[in-house]
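Convert by adding 3 to the 1-based position in the sequence shown; the result is the number in this note's numbering. Below is one structure, written out as structure tokens; the observations come after it.
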Amino acid sequence: MVDEETLIRLVHSAKELKVLKAITKITSSTDNLTVIINKIITLILQEIDVKIVFFVMKENAKFNIMNVDENRPLHPDFHDLVTFIAQDTVKYSQPIFIKQTKHGTIAYRFGIRSFLSVPLMLHEGPIGAIILMAQYRSFTNATLKIISTIANQVASAIEHLWLKRAIDEKEKKITKLYSKLYTKEAKRAIVDALTGLFNKRYFVELLDSELKKGKKLSMAMFDLDFFKHYNDTFGHVEGDNLLRAAGQVIRKKFKKLKACRYGGEEFAIIVEGDLDEATQVGEELRQAIES
């Protein structure tokens, strides 16, 4: 026949298993830490004979107190009490278990007869505490045991969640970096480095693609007069500066047109229209470069 002590142990073990299964279900249902904590507080209130539960998380040097009824502000002295208990729990990385509060203490003044606090431990150290308070009874070692088990599982879930967030953040940064590199390399493949206009290879592909769409197109071509003489007289650096300036004028004045450096000092522009329209664009371009 099972004795009373063994029966009590079995009952506590069954409750502990039930609570742990519920926590596993909660932590696997969402990545929202606030939602997880609120659901676990509600679970503790339902499964353990307790009316007051706080999760206290350390954020930088501040302790953030969380409970289900956050719309009801805590009395400043009671807030300080909860914070002090959490600070000591985190400082010593050990549970605090007061079976019976003493007359004259702040806890007793607020009607708290018993309280316990267990740390939320990560590999790097404690990040907060779960605090339970009772007004009309004393907590038992069994309550301390189950809350410690809950705290360990919750801390493990938080650590997993933070690790996942860190990995996701790194992946986003890497993806963004690769995207920038790809965009940069893709641009290099189609743009002339000196003028900023399309290069000849891409321009020819673009022209072929536009013609296949059945568009009515014309092409205006032009070069810089006496460029070889200018280059020989003032040097290649000044010659490059002249080509660069010409490219800037084309890109600024004719943003909507597709233009390229065709070769050397030669340029080409695709004009959607007939020969007269292409001639007009060429004249506008000549005037813009001359000015």
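Where is the CB? At the ideal position from N, CA and C, for every residue including glycine. Keep in mind that this is a model prediction, so the values were computed, not measured.
For residue i, the nearest candidate out of the options (CA to CA)
i, options, result
"residue 276", "230, 223, 219, 33", "219"
"residue 226", "32, 194, 241, 263", "263"
"residue 63", "144, 130, 177, 160", "130"
"residue 61", "122, 240, 113, 24", "122"
"residue 265", "232, 257, 197, 259", "197"
"residue 50", "77, 267, 150", "150"
"residue 168", "36, 27, 18", "36"
"residue 279", "222, 261, 267, 176", "222"
"residue 21", "293, 160, 31, 47", "47"
"residue 147", "104, 98, 125", "98"
"residue 92", "174, 134, 282, 125", "134"
"residue 234", "212, 267, 294, 293", "267"
"residue 281", "245, 261, 88, 248", "261"
Residue i, DSSP secondary structure in three states
i, result
"residue 132", "strand"
"residue 191", "helix"
"residue 244", "helix"
"residue 278", "helix"
"residue 227", "coil"
"residue 117", "strand"
"residue 220", "strand"
"residue 238", "coil"
"residue 123", "strand"
"residue 100", "strand"
"residue 55", "strand"
"residue 94", "helix"
"residue 208", "helix"
Residue i burial status per 10 Å Cβ neighbour count (16 or more: buried)
i, result
"residue 195", "buried"
"residue 250", "buried"
"residue 237", "exposed"
"residue 142", "buried"
"residue 109", "exposed"
"residue 183", "exposed"
"residue 38", "exposed"
"residue 178", "exposed"
"residue 271", "buried"
"residue 303", "Any answer about residue 303 is impossible in this case: the structure gives the chain only from 4 up to 294."
"residue 201", "buried"
"residue 45", "exposed"
CA-to-CA distance, residue j to residue i, given in whole angstroms
i, j, result
"residue 269", "residue 224", "7 Å"
"residue 156", "residue 81", "28 Å"
"residue 100", "residue 34", "31 Å"
"residue 204", "residue 210", "10 Å"
"residue 230", "residue 207", "24 Å"
"residue 29", "residue 43", "8 Å"
"residue 255", "residue 285", "15 Å"
"residue 58", "residue 171", "26 Å"
"residue 257", "residue 192", "22 Å"
"residue 128", "residue 96", "8 Å"
"residue 152", "residue 180", "42 Å"
"residue 31", "residue 40", "13 Å"
"residue 112", "residue 53", "19 Å"
"residue 140", "residue 77", "22 Å"
"residue 137", "residue 117", "5 Å"
"residue 259", "residue 274", "10 Å"
"residue 253", "residue 288", "7 Å"
"residue 65", "residue 158", "18 Å"
Residues sharing a beta bridge with residue i, DSSP
i, result
"residue 141", "Paired residues: none, contrary to the question."
"residue 66", "61"
"residue 254", "Paired residue(s): none; residue 254 is not in a bridge."
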